[in-house]
Amino acid sequence: MKLVIGNQKAYLTKEQLTDFVKKIKELNNKNVIICPSSIYFGMFDNVKVLLGAQDVSKFDGDATTGDISFKQLKSMNINFSIVGHSERRQLLKESIEDTNIKVRKLLDNNMIPILCVGETIEEKSSGVTKQVIFDEISGALKDVPNNCIDKLIIAYEPIWSIGTGNVPTNDEIDNVIRSIKKFLLDEYNSNNIVLYGGSVNTKNIDELNTVSSIDGYLIGGASTKAVEFLQIIDKCS
Ligand code: PEP
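Now the structure itself:
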C-alpha cells in the first residue's frame, strides 16, 4: 500500500475538473491525497479522498493579498500542504527560509507539510545530489521541534524529472531515498514517509513499484487525467 498524492498545479479549468471529479467519484481511498487549485476545494465535497493545498502562506493571514493562510486551510479541513515545490522555488524565487517558516507554521498547527526536495541536472552531474537534498531538509527543518518531525512527508523530486518524462533508474531512486531516510533518522531520530515524484505515469508505475524504499508518489501531470490517475492508484493499493 503506497501513498499517492496528486499535485494538479494550475492545469485544469472548472469544466475539466468537473469531468475529472465525475470520473473519480467512486474513489474511496485513505491513501490518496489530491491537491487541486485551492479555488476548487468545494468541487470535491462528495468525493471520499483527502485534500491538500499546493502551498500555504508564510504569513498568519489577514492582510496578505492573494495568499491562503494555514488558518483558512484548517477551517476547510485541509490538513496537508505541499511546501518548497521546485516550481515555486525557481519561478517565484521562494527561499529555503520561506519553506522553513511554512513547515513550522503547519507543524505548529497539527498540519502536515509535504516537503519537496531534489537536485537540478547540473547538481546531479556534479555528484552533489545528496548534499543538496540534506541541505534542503536541514534548512526546511531549522528550529522545528524534534518531536514533530516524523509527521513530515518528504517528496524526493529530481527537478530534471518533473514534467520531462525522464525518470532516474530504480537504483538511483532507491539510493537517494534510503539516504534521505538515514539522514532523518541520524539527525532527527525520525522515521518519515518518503515519496518519489517526477514523471510518474501508467507506463512506469509497475517498474517504480518494485523499489521497496519508495513509500508512495507525488504525481503532477498524470494526476489530472482521471483514468490514468485511477490506474496508478489501483497499482499502489
Ligand atoms: C510535480 O510537479 O510535483 C510532479 C511530480 O510533476 P510531474 O508528475 O508532472 O512530473
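Residue numbers (the numbering used here): 431 to 667. Quick reminder that beta carbons are idealized off the backbone N, C-alpha and C, glycines included.
Say yes only if the C-beta of residue i is nearer than 7 Å to one or more non-hydrogen atoms of ligand 1, and no if none qualify.
{"i": "residue 646", "result": "no"}
{"i": "residue 436", "result": "no"}
{"i": "residue 566", "result": "no"}
Quick check on residue i: buried or exposed, where buried means 16 or more other Cβ atoms within 10 Å of its Cβ?
{"i": "residue 638", "result": "buried"}
{"i": "residue 551", "result": "exposed"}
{"i": "residue 431", "result": "exposed"}
{"i": "residue 485", "result": "buried"}
Taking the straight line between their C-alpha atoms, what separation do you get for residue i and residue j?
{"i": "residue 436", "j": "residue 547", "result": "16 Å"}
{"i": "residue 635", "j": "residue 465", "result": "20 Å"}
{"i": "residue 593", "j": "residue 628", "result": "7 Å"}
{"i": "residue 560", "j": "residue 524", "result": "21 Å"}
{"i": "residue 518", "j": "residue 529", "result": "10 Å"}
{"i": "residue 445", "j": "residue 454", "result": "15 Å"}
{"i": "residue 476", "j": "residue 447", "result": "14 Å"}
{"i": "residue 606", "j": "residue 557", "result": "12 Å"}
{"i": "residue 406", "j": "residue 664", "result": "This structure gives no information on residue 406, because the portion of the chain shown stretches from 431 to 667."}
{"i": "residue 625", "j": "residue 563", "result": "14 Å"}
Consult DSSP for residue i and reduce its assignment to one of helix, strand or coil.
{"i": "residue 577", "result": "helix"}
{"i": "residue 511", "result": "strand"}
{"i": "residue 649", "result": "strand"}
{"i": "residue 644", "result": "coil"}
{"i": "residue 459", "result": "strand"}
{"i": "residue 545", "result": "strand"}
{"i": "residue 435", "result": "strand"}
{"i": "residue 584", "result": "strand"}
{"i": "residue 589", "result": "helix"}
{"i": "residue 451", "result": "helix"}
Whole-angstrom Cβ separation of residue i and residue j, contact assumed at under 8 Å?
{"i": "residue 660", "j": "residue 457", "result": "7 Å"}
{"i": "residue 511", "j": "residue 482", "result": "6 Å"}
{"i": "residue 571", "j": "residue 533", "result": "7 Å"}
{"i": "residue 583", "j": "residue 649", "result": "Going by Cβ atoms, the distance from residue 583 to residue 649 rounds to 14 Å, so no, they are not a contact pair."}
{"i": "residue 587", "j": "residue 516", "result": "6 Å"}
With 8 Å as the threshold, decide whether the Cβ of residue i is near any Cβ in chain D.
{"i": "residue 565", "result": "Protein chain content of the structure displayed is limited to a single chain, and chain D is not contained in it."}
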